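Participant: Let me give you the structure first, and then I'll get to my questions.
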């Protein structure tokens, strides 16, 4: 489970789910929670992106593994929703 916090008001609740059908298995679970790094935003701004565009690019990169599993029309809609949500949310 991984989570990305996009602003100071963001929060996450991580609930691990592991389905195991083997009685002798030893398993573990880990999670990471991170926020959008100011250095990442700065770097992308030096490449000509606005702050909200840079943040949206970072968010899209974070969700890419999930989006790649979606049908194309859903992935396009997901990216459109991210753009709408990120407009004006940073800065």
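Numbering (my numbering), first residue to last: 44 to 134. Glycine included, C-beta positions come from ideal geometry on N, C-alpha and C. Fair warning: this is a prediction, and the values are worked out from it, not measured in the lab.
#1: For residue 70, does the three-state DSSP call read helix, strand or coil?
#2: If we call anything under 8 angstroms between Cβ atoms a contact, is residue 100 one with residue 92?
#3: Does the structure place the region 75-84 close enough to the region 46-55 that three or more beta carbon pairs sit under 8 angstroms?
#4: Given residue 129, which residues of its chain have a CB within under 7 angstroms of its CB, disregarding the five upstream and five downstream residues?
#5: Using only alpha-carbon positions, find the residue among 85, 70, 121 that is nearest to residue 104.
#6: If I measure Cβ to Cβ from residue 75 and keep anything under 6 angstroms in the same chain, skipping five residues before and after, which residues do I get?
#7: If you run the structure through DSSP and keep just helix, strand and coil, what is residue 81?
#8: For residue 54, which residues of its own chain have a beta-carbon under 8 angstroms away from its beta-carbon, when the five flanking residues on both sides are left out?
Facilitator: Here's the rundown:
#1: Residue 70 sits in coil when the DSSP states are folded into three classes, being neither helix nor strand.
#2: Taking 8 angstroms as the cut-off, the beta carbon of residue 100 is found closer than this to the beta carbon of residue 92.
#3: A contact exists between the region 46-55 and the region 75-84.
#4: These residues qualify, in order along the chain: 95, 98, 99, 102.
#5: Checked all of 85, 70, 121; the closest Cα to residue 104 is 121.
#6: The beta carbon of residue 75 lies closer than 6 angstroms to those of 45 in the same chain, with the five residues before and after it left out.
#7: Here residue 81 sits in helix by DSSP.
#8: Scanning its chain for C-beta atoms nearer than 8 angstroms, with the 5 sequence neighbours on each side dropped, one finds around residue 54 the residues 48, in chain order.
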